[in-house]
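These protein sequence lines are chains U and Z, in that order.
Following our numbering, the numbering of the first sequence begins with 532 at its first residue and continues without gaps.
Following our numbering, the numbering of the second sequence begins with 532 at its first residue and continues without gaps.
We treat Cβ as the ideally placed atom computed from N, Cα and C, and that holds for glycine.
Number of protein chains: 2
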Amino acid sequence: MGRLTPYVPGEQPSNPDVIKLNTNENPYGPSPASLAAIRAETSDSLRLYPDPNATALKSALADFHAISPSQVFVGNGSDEVLAHIFQGLLKHDEPILFPDITYSFYPVYCGLYDVAYATIPLTPNLEIRLDDYTPTNGGIIIANPNAPTGQALKPSAIETLLERNTDSVVVIDEAYIAFGGESSVGLIDRFDNLLVVQTLSKSHALAGLRIGFALGHPSLIAALERIKNSFNSFPLDRLAIVGAIAALNDRDYFDSIRQKIIATRERLVGELERLDFRVVPSATNFLFVSHRDNAAGAIAEALRARSIIVRHFDHERTVNYLRITIGSDDEVDALLTALKNIQV
Amino acid sequence: MGRLTPYVPGEQPSNPDVIKLNTNENPYGPSPASLAAIRAETSDSLRLYPDPNATALKSALADFHAISPSQVFVGNGSDEVLAHIFQGLLKHDEPILFPDITYSFYPVYCGLYDVAYATIPLTPNLEIRLDDYTPTNGGIIIANPNAPTGQALKPSAIETLLERNTDSVVVIDEAYIAFGGESSVGLIDRFDNLLVVQTLSKSHALAGLRIGFALGHPSLIAALERIKNSFNSFPLDRLAIVGAIAALNDRDYFDSIRQKIIATRERLVGELERLDFRVVPSATNFLFVSHRDNAAGAIAEALRARSIIVRHFDHERTVNYLRITIGSDDEVDALLTALKNIQV
Numbered sequence: 532m533g534r535l536t537p538y539v540p541g542e543q544p545s546n547p548d549v550i551k552l553n554t555n556e557n558p559y560g561p562s563p564a565s566l567a568a569i570r571a572e573t574s575d576s577l578r579l580y581p582d583p584n585a586t587a588l589k590s591a592l593a594d595f596h597a598i599s600p601s602q603v604f605v606g607n608g609s610d611e612v613l614a615h616i617f618q619g620l621l622k623h624d625e626p627i628l629f630p631d632i633t634y635s636f637y638p639v640y641c642g643l644y645d646v647a648y649a650t651i652p653l654t655p656n657l658e659i660r661l662d663d664y665t666p667t668n669g670g671i672i673i674a675n676p677n678a679p680t681g682q683a684l685k686p687s688a689i690e691t692l693l694e695r696n697t698d699s700v701v702v703i704d705e706a707y708i709a710f711g712g713e714s715s716v717g718l719i720d721r722f723d724n725l726l727v728v729q730t731l732s733k734s735h736a737l738a739g740l741r742i743g744f745a746l747g748h749p750s751l752i753a754a755l756e757r758i759k760n761s762f763n764s765f766p767l768d769r770l771a772i773v774g775a776i777a778a779l780n781d782r783d784y785f786d787s788i789r790q791k792i793i794a795t796r797e798r799l800v801g802e803l804e805r806l807d808f809r810v811v812p813s814a815t816n817f818l819f820v821s822h823r824d825n826a827a828g829a830i831a832e833a834l835r836a837r838s839i840i841v842r843h844f845d846h847e848r849t850v851n852y853l854r855i856t857i858g859s860d861d862e863v864d865a866l867l868t869a870l871k872n873i874q875v
Numbered sequence: 532m533g534r535l536t537p538y539v540p541g542e543q544p545s546n547p548d549v550i551k552l553n554t555n556e557n558p559y560g561p562s563p564a565s566l567a568a569i570r571a572e573t574s575d576s577l578r579l580y581p582d583p584n585a586t587a588l589k590s591a592l593a594d595f596h597a598i599s600p601s602q603v604f605v606g607n608g609s610d611e612v613l614a615h616i617f618q619g620l621l622k623h624d625e626p627i628l629f630p631d632i633t634y635s636f637y638p639v640y641c642g643l644y645d646v647a648y649a650t651i652p653l654t655p656n657l658e659i660r661l662d663d664y665t666p667t668n669g670g671i672i673i674a675n676p677n678a679p680t681g682q683a684l685k686p687s688a689i690e691t692l693l694e695r696n697t698d699s700v701v702v703i704d705e706a707y708i709a710f711g712g713e714s715s716v717g718l719i720d721r722f723d724n725l726l727v728v729q730t731l732s733k734s735h736a737l738a739g740l741r742i743g744f745a746l747g748h749p750s751l752i753a754a755l756e757r758i759k760n761s762f763n764s765f766p767l768d769r770l771a772i773v774g775a776i777a778a779l780n781d782r783d784y785f786d787s788i789r790q791k792i793i794a795t796r797e798r799l800v801g802e803l804e805r806l807d808f809r810v811v812p813s814a815t816n817f818l819f820v821s822h823r824d825n826a827a828g829a830i831a832e833a834l835r836a837r838s839i840i841v842r843h844f845d846h847e848r849t850v851n852y853l854r855i856t857i858g859s860d861d862e863v864d865a866l867l868t869a870l871k872n873i874q875v
């Protein structure tokens with residue numbers, strides 16, 4: 532296993548005074564109902580194993596998405612859910628396909644599970660062109676909206692892909708769907724080769740708890756359950772289960788924080804454009820931007836000197852871009868003040 | 532992956548009035564300090580990802596075991612830790628070796644990761660005889676104390692095994708070590724092919740939180756980190772990390788509950804022997820017992836009719852045994868009353 536190249540997540544600085552716009556966390560806390568549910572479960576009940584099937588959480592997710600619990604698989608963060616998908620559903624003779632610029636964990640999973648893959652270039656505008664995903668493949672995985680670019684595809688485009696790609700599993704990774712994109716979950720009843728993956732990390736401000744899930748045909752869900760039950764009987768702990776259920780059931784809070792983030796994003800887009808940034812259209816809680824005159828790496832370093840951390844990737848095609856998480860209005864104001872003052 | 536045979540964990544009944552002596556949970560709750568630490572972390576901080584390296588928890592485990600943090604790997608329950616070990620360290624041309632009667636997840640991991648294995652029979656007294664584990668192997672995994680039998684090996688016996696088995700990884704699974712066995716962790720400085728796996732599920736009454744770990748040479752730990760970082764950046768959530776640290780630091784509480792469990796066990800052994808049970812010597816928080824006259828399955832059903840659940844395995848060699856978790860004194864009294872009254 533010596534040739535594994537692990538994924539490197541964004542930095543988690545220990546200094547709480549840093550303005551952290553580098554890992555796409557939600558600037559608002561979880562639902563108060565979620566925190567109350569966790570506190571209520573913080574008791575002697577922790578001596579007991581969790582429900583290995585997380586039945587109550589699957590029911591809450593099924594209610595949230597108006598589907599059946601048999602169409603729901605849950606895991607310890609969407610990273611674990613994706614890992615099981617790569618191991619169980621994407622290993623075939625033909626390579627799987629995903630964009631050249633996307634979530635950089637996908638090739639890592641391929642290394643871990645010996646899955647062949649080929650990358651399909653984004654267009655010069657950094658868009659995914661689904662016509663480039665030809666039928667001869669072992670599977671297709673598309674982040675929608677894509678990361679780190681932030682652009683979203685319409686479900687109608689996904690539907691067209693599914694109509695001609697019927698022989699392999701299509702995974703739509705919707706980690707950022709809560710912030711303006713349209714989910715493809717409505718297609719799972721029609722296409723038995725579609726899996727939609729989501730997480731509560733960003734949408735419900737629960738990155739600290741690790742709750743991910745996949746939605747799809749019961750036969751795909753059953754295949755993932757076999758993997759999970761051969762790997763770890765109890766991937767979700769008791770506190771994550773109750774916290775997730777309460778967060779899902781508090782829809783007003785969910786709507787209020789995502790609307791605030793979308794409003795802050797739209798304001799930040801305008802301000803950055805006035806500062807000569809090009810901003811890729813975003814349906815997420817982050818912006819992917821490049822500056823007309825200044826190098827992205829230099830801007831990132833200058834921001835870091837002012838205790839503001841943003842993400843800079845070194846992929847050849849995106850070396851001049853920064854990914855900036857939408858923070859609170861105060862954090863965004865501090866970012867804008869810093870950008871106006873730095874000399875690079 | 533259609534031929535996977537998943538592990539089936541013990542039943543988790545939803546009825547709280549059931550006396551649950553089937554999954555080896557601790558009858559006492561977690562340390563009050565652990566519960567307080569979890570409540571303190573149940574805040575807006577849950578919007579942030581956990582420390583991907585769980586550095587503070589590794590330090591607490593290193594302190595607890597008087598070793599270095601570079602000798603510590605942590606995961607989402609010892610099941611996840613074991614899965615990574617099977618995937619990363621035990622797949623070779625030669626089969627790995629483990630007892631014919633032991634934790635039944637081991638062959639499941641072998642199926643998941645295509646690891647060849649051979650089982651070595653326990654002696655007629657249900658003991659592990661390490662002389663039977665010959666040097667030609669891809670690895671050796673020994674639960675010590677063994678489950679479901681409960682018997683412990685001395686570290687000196689493990690040491691003898693390690694002295695002659697130097698070419699493959701030896702895993703000692705110490706899930707039950709807190710209840711009277713002697714840990715082999717003192718051998719990790721001398722044998723760079725030794726991994727000791729433990730969990731806080733039973734010892735620290737934290738089954739509901741999922742905290743497992745492996746202790747060994749830094750090169751083995753680094754290999755596990757590569758697997759983990761290719762699988763899931765954040766396997767341990769924020770609440771599990773703080774709860775585990777506080778539990779580890781409350782040694783008085785840990786000692787008090789394990790001493791209570793050991794005392795209850797010794798009392799239960801005597802009472803069961805008076806009821807014509809044969810009791811396998813136990814260094815764990817469970818007993819493995821067979822009755823002189825009555826079939827184990829019939830006893831288990833009669834207990835279930837009285838809302839007491841114990842574990843009955845259908846392995847040919849142990850079909851006439853029951854595994855009974857050491858509960859609280861009240862639970863053990865209820866068990867004994869039921870056993871005196873049932874007619875099978």
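Inter-residue Cα distance where the pair is residue i and residue j
i, j, result
"U:R721", "U:V702", "15 Å"
"U:G560", "Z:D575", "4 Å"
"Z:A826", "U:L751", "41 Å"
"U:L879", "Z:S565", "In this structure chain U extends from 532 to 875, so residue 879 of chain U is not present and cannot be described."
"Z:L866", "Z:G608", "29 Å"
"U:P676", "U:R789", "15 Å"
"U:L746", "Z:D610", "25 Å"
"U:I671", "Z:I598", "45 Å"
"U:K622", "U:P544", "36 Å"
"Z:M532", "U:S635", "In this prediction, Z:M532 scores a pLDDT of 47, lower than 50, which makes its location untrustworthy; the coordinate-derived value is nonetheless stated afterwards. Rounded to whole angstroms, Z:M532 to U:S635 spans 25 Å at the Cα level."
"Z:K685", "U:L577", "31 Å"
"U:I951", "Z:T536", "Only positions 532 to 875 of chain U appear in the structure, and residue 951 of chain U is not among them; the question remains open."
"Z:N656", "Z:V810", "11 Å"
"U:E756", "U:L613", "13 Å"
"Z:A869", "Z:F604", "43 Å"
"U:I873", "U:L818", "20 Å"
"Z:A814", "Z:G712", "5 Å"
"U:P638", "Z:T697", "35 Å"
"U:V820", "U:T849", "10 Å"
"U:L799", "Z:A706", "52 Å"
"Z:T573", "U:A833", "34 Å"
"Z:K733", "Z:D582", "25 Å"
"Z:D893", "Z:G606", "Lying before the first or after the last residue shown, residue 893 of chain Z is absent from chain Z, which here runs from 532 to 875."
"Z:V539", "Z:D631", "17 Å"
"Z:P652", "Z:I659", "8 Å"
Cross-chain neighbours of residue i in chain U, by beta carbon under 8 Å
i, result
"Z:E862", "Here the premise fails: no neighbours, minimum Cβ distance about 13 Å."
Neighbouring residues, chain Z, relative to residue i (Cβ below 8 Å)
i, result
"U:A709", "Within 8 Å Cβ-Cβ: nothing; U:A709 doesn't reach chain Z, min ~14 Å."
"U:G889", "It is not possible to answer for residue 889 of chain U, since the shown part of chain U is limited to 532 through 875."
heavy atom of the ligand NAP below 7 Å from residue i C-beta
i, result
"Z:L746", "Summarising the ligand content, the structure contains no ligands, and the ligand NAP is consequently not present."
Contacts that residue i makes with chain U (C-beta to C-beta distance below 9 Å)
i, result
"Z:G560", "S574, D575, S576, L577 and R578"
"Z:S734", "Those do not exist, as Z:S734 stays about 11 Å from chain U at its closest Cβ, beyond 9 Å."
"Z:V701", "Those within 9 Å of Z:V701 in chain U number zero; the least Cβ separation is about 18 Å."
Residue closest to residue i, alpha-carbon to alpha-carbon, out of the options
i, options, result
"Z:E862", "Z:E847, Z:V841 and Z:Y664", "Z:V841"
"U:D864", "U:Y640, U:R796, U:C641 and U:S821", "U:R796"
"Z:F595", "Z:A649, Z:I569, Z:D824 and Z:A778", "Z:A778"
"Z:P600", "Z:L770, Z:S787, Z:N816 and Z:P749", "Z:P749"
"U:L770", "U:N557, U:A567 and U:I857", "U:A567"
"Z:Q729", "Z:L737, Z:A738, Z:V716 and Z:F744", "Z:F744"
"U:T650", "U:P626, U:D662 and U:Y640", "U:P626"
"Z:L767", "Z:V727, Z:T586 and Z:A571", "Z:T586"
Proximal residues of chain Z, C-beta to C-beta of residue i below 9 Å
i, result
"U:I569", "I569, R570, T573, L577 and L770"
Residues that residue i contacts on chain Z, provided the C-beta gap is smaller than 7 Å
i, result
"U:Q543", "Y580, D582 and P583"
"U:F722", "None at all; the shortest Cβ gap to chain Z is about 21 Å."
Neighbouring residues, chain U, relative to residue i (Cβ below 7 Å)
i, result
"Z:V773", "Within 7 Å Cβ-Cβ: nothing; Z:V773 doesn't reach chain U, min ~10 Å."
Segments assigned beta strand (DSSP E), at least 3 residues, entirely inside the segment 634-714 of chain U: Assignment of beta strand (DSSP E) within the segment 634-714 of chain U, counting only whole runs of 3 or more residues, yields 648-651, 671-674 and 701-704 in chain order.
Given 8 Å, three or more beta-carbon pairs between the segment 544-556 of chain U and the segment 759-774 of chain Z: No, the segment 544-556 of chain U does not touch the segment 759-774 of chain Z.
Segment contact flag, the segment 762-770 of chain Z with the segment 642-656 of chain Z, C-beta cutoff 8 Å, min 3 pairs: Flag = no, the segment 762-770 of chain Z and the segment 642-656 of chain Z do not touch.
Contact the segment 653-670 of chain Z vs the segment 791-806 of chain Z: 3+ CB pairs below 8 Å: No: the two stretches stay apart, fewer than three of their Cβ pairs being nearer than 8 Å.
Residue ranges of each alpha helix (DSSP H) within the segment 753-841 of chain U, 4 or longer: Within the segment 753-841 of chain U, the runs of alpha helix (DSSP H) that reach at least 4 residues and sit entirely inside it are, in chain order, 769-780, 782-805 and 827-836.
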